[in-house]
Amino acid sequence: MARLVIVSNRVPIPKARSAAAGGLAVALRDLMIPGSMWFGWSGRLSGEPAAQPALVEARGVNYATIDLTAEAHRAFYVGFANGALWPLLHFRLGLMHFRREDYAGYLAVNATFASALSQVLQADDMVWAHDYHLLPFGRILRRHGFAGPMGFFLHVPFVPPSVLEAIPVARELVTDLCAYDVVGFQTEEHARDFRDCAHRLLGATIDGEWVRLNGRRMRAFANPIGIDAEAFGQEARRSAGDKLVARVANSMAGRVLAIGVDRMDYSKGLPNRFEAYGILLERHPEHRRRIHFLQICPRSREEVDEYRKLRAELDRLTGRVNGRFSDFDWTPLRYSTRPAPRSTLAGLYRIGRIGVVTPLRDGMNLVAKEFVAAQPEEDPGVLVLSRFAGAAQELTEALIVNPFDGDAIADAMHLALTMSLDERRARHAALNAKVHRTNAEQFCRRFIDALMSPLPTLQAA
Ligand code: ADQ
């Protein structure tokens, strides 16, 4: 079988992994097949980076990394990837900052990646690139002469043509994605939006999942990402003895725990969530002193202005909710920016009666799946889930809410707090079966199968 080469912005080499709390690192961590390679940025900035990747072997996987200069990283990561593409692909055009020089830096880093990887790539390798940092990577790698199968998975949403066109390089971005043989999306909707863009912006012909452009064909399909639900469930059961989990459980004093776990990101709907919790306590005084909301949100991307503003906004809203409702012995809302080990997170989900996952837009949202997998089957908690998370397409037995509607989130939390044990069990059993079925292994297998299937021969148009 061909060697699998994964390419992503950050490379989570096992012993350095504690630094990464991102969804991609978590999702791919257990998927690495021995003998495969993972290539990307080392996480280090240096004045004159070597052109050759540094190679490290860990647990049977070869890790190949390169450093970047601070300037290249700023334009590529802070400027274009997170200052323009992230807001665009999360429907936040007002937050998109497009600058030609950032786009040039983004292309340059993708070219650096392609050139460095091509030095260690073998002709019969199979390349799988990940996420919005690497849209042009495949096209550039082809210029280095690589002719093997090349796939790409987009972890974030894709947008319809009317939104994509807001970025001046929309056509270039769609052309770049068309250079891969296979492109995977989290949901059917994202895959369809991409094909619509290829048709509207480039005049490509669409035939089901196939996109035909300039005499070649590529496949754009939905392949929802999953977690290793079995292992995560076991971790949650084991972590009852975890010190921090025990401390939180003891501090509850008979109250129920509502839990949210998100990177501190404006796409995650944290201000709306805090406000909705205030509405719940205002409307339903019976829940006061009986519930405790714990929001865990490790800081992220603080180089980008909007992320710093969000922190200040959350401090203000937490102060408002606690100022209005707290008592000498009850703080209704606590939020912590500490990253937590996965076993601790699993244990905290397990003692949560409500998992609150209300992003304004999210490719998938793995927290929703982790919360379900961590629940005790005999007395499970209830998931409140945004309809704009990719996970809502599958997890239909959750309480699905519009995250822009604070009243609806408050109503769903009330329903969760008053739901019968029978209904909680029935909903959880259905959700848990899905989380176990669409798991990380299936995600990986489906993608690699698609990448290895020969492309159908192109009929004359
Ligand atoms: P993210 O936007 O990072 O991922 P998400 O899918 O929720 O969002 O994944 C976050 C991961 O980080 C989860 O596994 C969670 O447990 C972990 N995590 C969060 N807080 C943590 C903390 N304090 N300590 C340790 N770990 C923490 C992107 C897309 C998503 C998509 C994923 C995977 O934005 O839509 O689901 O990639 O494709």
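Just so you know, we're using numbering that gives the first Met the number 0 here: the sequence shown kicks off at 0 and counts up by one.
All C-beta atoms, glycine included, are put in the ideal place defined by N, C-alpha and C.
With a threshold of 7 Å (Cβ to nearest heavy atom), would residue i be considered close to ligand 1?
i: His189; result: no
i: His154; result: yes
i: Pro331; result: no
i: Pro159; result: no
i: Met363; result: yes
i: Gly389; result: yes
i: Glu301; result: no
i: Val366; result: yes
i: Val503; result: Not covered by the structure: residue 503. The range shown for the chain is 0 to 460.
i: Pro338; result: yes
i: Arg341; result: yes
i: Leu344; result: yes
i: Pro297; result: yes
i: Ile258; result: no
i: Ile5; result: no
i: Glu229; result: no
i: Ile290; result: no
i: Glu305; result: no
i: Glu369; result: yes
i: Ile224; result: yes
i: Arg262; result: yes
With burial defined as no fewer than 16 other Cβ atoms inside 10 Å of the residue's Cβ, what is the status of residue i: buried or exposed?
i: Pro13; result: exposed
i: Asn271; result: buried
i: Asn100; result: It should be pointed out that residue 100 corresponds to Glu in this sequence rather than to Asn. The residue in question, Glu100, is exposed, as its Cβ has fewer than 16 Cβ neighbours within 10 Å.
i: Lys242; result: exposed
i: Asn222; result: buried
i: Ala460; result: Only weak support exists for where Ala460 lies, its pLDDT of 39 falling under 50; the value from the coordinates is given anyway. Burial call: exposed.
i: Ala534; result: No statement about residue 534 is possible, as the shown extent of the chain runs from 0 to 460 and does not include it.
i: Gly207; result: exposed
i: Lys368; result: buried
i: Ala390; result: buried
i: Glu393; result: buried
i: Phe79; result: buried
i: Pro331; result: buried
i: Ser335; result: exposed
i: Asp539; result: With the chain covering 0 to 460 only, the question about residue 539 has no answer from this structure.
i: Pro167; result: exposed
i: Pro340; result: exposed
i: Gln51; result: exposed
i: Phe370; result: buried
i: Arg444; result: exposed
i: Gly346; result: buried
i: Ser266; result: buried
i: Asp130; result: buried
i: Arg315; result: exposed
i: Asp533; result: Past the edges of the chain, shown from 0 to 460, lies residue 533, and the structure says nothing about it.
i: Thr357; result: buried
i: Arg9; result: buried
i: Cys135; result: Checking the displayed sequence, the identity of residue 135 turns out to be Pro instead of Cys. Pro135 should be labelled buried.
i: Met451; result: exposed
Give a yes or no on whether 8 Å exceeds the smallest Cβ distance from residue i to chain C.
i: Ala80; result: Although the question refers to chain C, the structure presented lacks it and comprises just one protein chain.
Say yes only if the C-beta of residue i is nearer than 7 Å to one or more non-hydrogen atoms of ligand 2, and no if none qualify.
i: Ile408; result: Only ligand 1 can be found as ligands here, which leaves ligand 2 out of the picture.
**OP:** Could you tell me whether the segment 88-108 touches the segment 119-126, using the rule of 3 or more Cβ pairs below 8 Å?
**Re:** Put simply, the segment 88-108 does not touch the segment 119-126. Fewer than three CB pairs are less than 8 Å apart.
Original post:
Could you give the uninterrupted runs of the beta strand (DSSP E) lying entirely in the segment 141-225, keeping only those of 3 residues or more?
Top reply: For secondary structure counted as the beta strand (DSSP E) over 3 or more consecutive residues, the segment 141-225 holds these complete runs in sequence order: 149-152, 181-184, 204-206, 209-212 and 215-221.
**OP:** Please go through the segment 267-340 and give each complete beta strand (DSSP E) segment of 3 or more residues, from N-terminal end onward.
**Re:** Within the segment 267-340, the complete beta strand (DSSP E) segments at least 3 residues long are 290-295 and 332-335, listed from N- to C-terminus.
**OP:** Pick out the complete alpha helix (DSSP H) segments inside the segment 393-442, 4 residues or longer, and give them in chain order.
**Re:** Those alpha helix (DSSP H) runs which fall completely within the segment 393-442 and span 4+ residues are 405-417 and 420-436.
Original post:
Do the segment 196-203 and the segment 151-166 touch if we need at least three Cβ pairs shorter than 8 Å?
Top reply: Taking one beta carbon from each stretch, the segment 196-203 and the segment 151-166 have 3 or more pairs nearer than 8 Å; the two touch.
Original post:
Taking one C-beta from the segment 274-281 and one from the segment 228-247 each time, how about it: are there three or more such pairs within less than 8 Å?
Top reply: Contact between the segment 274-281 and the segment 228-247 is not established, with fewer than three Cβ pairs separated by less than 8 Å.
Original post:
Are the segment 175-186 and the segment 208-221 touching, with three or more C-beta to C-beta distances below 8 Å?
Top reply: Verdict: yes, contact present.
Subject >> Whole alpha helix (DSSP H) elements within the segment 78-154, 4-residue minimum >> reply: Segments of the alpha helix (DSSP H) lying fully in the segment 78-154: 85-88, 99-117 and 136-142.
**OP:** Kindly confirm or deny that the segment 286-298 and the segment 253-264 touch, where touching means at least three C-beta pairs closer than 8 Å.
**Re:** Using a C-beta cut-off of 8 Å, the segment 286-298 makes contact with the segment 253-264, since at least three inter-stretch Cβ pairs fall below that distance.
Original post:
Should the segment 137-154 be called in touch with the segment 65-77, which here means at least 3 C-beta pairs below 8 Å?
Top reply: Contact between the segment 137-154 and the segment 65-77 is absent, with fewer than three C-beta pairs closer than 8 Å.
Original post:
Going along the chain, which unbroken runs of the alpha helix (DSSP H) with 4 or more residues stay wholly within the segment 229-261?
Top reply: Counting only runs that start and end inside the segment 229-261, the alpha helix (DSSP H) elements of at least 4 residues fall at 242-250.
Original post:
Is the segment 407-414 in contact with the segment 96-111, if contact means three or more CB pairs nearer than 8 Å?
Top reply: Too few Cβ pairs lie closer than 8 Å, so no.
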